[in-house]
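First comes the structure, then the notes that go with it.
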Amino acid sequence: MAAPRNQIGESGRLLRDEENAAGEKDVSPTCKKPKSERFLLSRWEFTAALGIFFIFSSGLFCIYLTMPAADYGKLKLPRTISDLRMLKDHLASYAKDYPARFILGYCSTYIFMQTFMIPGTLFMSLLAGALFGVIRGLLLVVFNATAGASCCFFLSKLIGKPIVSWCWDEKLRFFQSEIAKRREKLLNYMLFLRITPSLPNLFINLASPIVDIPFHIFFLATLIGLIPASYITVRAGLALGDLKSVKDLYDFKTLSVLFLIGFILVCPTLLKRKKVSE
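No gaps in the numbering here: position 126 of the sequence shown is 126 in the UniProt record's numbering, and each next residue is one more.
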């Protein structure tokens, strides 16, 4: 009877060895997710991003401390047109009495939102038109939008690649291929993207340093390309009481004009490619 027991014991050991081997395969490095896939940012990148956010937030908080205490409760980032009307009514007297302080606070808030991709800059552009008129409002919006986009560009250059690859992998590959085909007339193409709503401005800000767009091209395209859309938004702020929704800003006629301007800018690139192919 000893022999069968030995055989059973041997079989049991073999079975346990196979299970252990299978378990080791399951937890092998090939089955385990790499650390870079589990966390989008490394510890250093996360610390750098947190430090930059803290510096910006501290500066913004110090600027807000210069405001009268009675105005703190009136401050709220607008999310709807009705919120924007209330904010405009609350801040109109403050903007008139303390123009320098208000402009400093407005610019800091706009740039902060643009840098850290916080939604609501469209409402800030409408507010500029409602409070400052077309000319001053347009200058403010273009300045802030360009400064905020530039800060976002450098922030993305520091930590943006894993985030953009994770959120918009296919769109990033498409953008990279389009940029590669238009290196010689890159400014024209970037102006086209900025003027027309072909790609979201948020994506352009984040993806541009990843696909190696030079900063001077990015800066010029942003500074010039945002003027038409900013003009439309700022001018709409003058008639804030008649505006029902942000969708009313960009109707078919407005979009057609923007695409026409963008097509005129990209025409030299198309004509050059046609001559080369011939």
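Backbone N, C-alpha and C fix where the C-beta goes; we use that ideal spot for every residue, glycine too.
Exercise for the section: Please determine, among GLY262, GLY225, LEU260, ASP251, the residue with the shortest C-alpha to C-alpha distance to LEU138. Expected result: GLY225
Handout entry: Residues of its chain near GLY262, where Cβ-Cβ distance is below 6 Å and the 5 sequence neighbours each way are ignored
Key = PHE192, ILE195, THR196
Handout entry: Collapsed DSSP secondary structure at PHE174 in the structure displayed
Key = helix
Handout entry: Residue of LEU126, TRP166, PHE154 minimising C-alpha distance to ARG235
Key = LEU126
Practice task
Would you kindly report the start and end of the unbroken alpha helix (DSSP H) that includes LYS76?
Solution key: Premise fails: LYS76 is in no alpha helix (DSSP H) and is neither H nor E.
Problem - Coil, strand or helix - ILE52 by DSSP - result: helix
Practice task
Would you kindly work out how many angstroms separate the C-alpha atoms of LEU131 and PHE123, rounded to a whole number?
Solution key: 12 Å
Exercise for the section: Could you tell me which of LYS171, TYR106, PHE175 sits nearest to GLY148, measuring between CA atoms? Expected result: TYR106
Problem - ILE63 vs SER108 beta-carbon contact at 7 Å - result: yes
Problem - Buried or exposed by the 16-neighbour rule on C-beta atoms within 10 Å, applied to residue 290 - result: Because the chain spans 1 through 278 in this model, residue 290 falls outside it and cannot be assessed.
Handout entry: ILE213 versus PHE175, ARG79, LEU243, residue with shortest Cα-Cα distance
Key = PHE175
Problem - Identity of the residue in SER82, PHE143, HIS90, THR66 nearest LEU75 by Cα - result: HIS90
Problem - Closest residue to LEU220 among VAL142, GLY59, ILE264, GLY129 (Cα-Cα distance) - result: VAL142
Exercise for the section: Under 6 Å Cβ to Cβ from LEU199, same chain only, skipping five residues before and after it: list those, please. Expected result: LEU193
Exercise for the section: For the alpha helix (DSSP H) containing PRO119, list its first residue and its last residue. Expected result: From DSSP, PRO119 is part of no alpha helix (DSSP H); its letter is neither H nor E.
Practice task
Identify the continuous alpha helix (DSSP H) that holds LEU220 and give its terminal residues.
Solution key: 215-225
Problem - Boundaries (first-last residue) of the alpha helix (DSSP H) holding ARG182 - result: Premise fails: ARG182 is in no alpha helix (DSSP H) and is neither H nor E.
Practice task
Specify the secondary structure class of VAL27 as computed by DSSP and reduced to three states.
Solution key: With a pLDDT of only 40 at VAL27, under 50, the local geometry of the prediction cannot be trusted, and no value is derived from it.
Handout entry: Integer-rounded CB distance, given that SER42 should sit under 8 Å from ALA145
Key = Contact flag wrong, Cβ pair sits at about 30 Å.
Practice task
Would you give the residue range spanned by the alpha helix (DSSP H) that LYS96 belongs to?
Solution key: 81-97
Exercise for the section: Tell me, to the nearest whole angstrom, how far the beta carbon of ILE232 is from that of THR254; I am working on the premise that it is less than 8 Å. Expected result: 6 Å
Handout entry: Nearest candidate by alpha-carbon position, reference LEU238, set GLY51, LEU84, ASN201
Key = LEU84
Problem - Under the three-state DSSP convention, the category PRO228 falls into - result: helix
Problem - Simplified DSSP state of ASP242, which is helix, strand or coil - result: helix
Exercise for the section: Below 7 Å CB to CB, which residues in the same chain sit around SER245 once its five sequence neighbours on both sides are set aside? Expected result: ILE81
Practice task
Go ahead and pull the three-state DSSP assignment for ASP251.
Solution key: coil
Handout entry: Same chain, Cβ closer than 6 Å to ILE179, five either side skipped, listed in chain order
Key = VAL211
Problem - Reference PRO209, options PHE252, LYS96, CYS151, closest by Cα - result: CYS151
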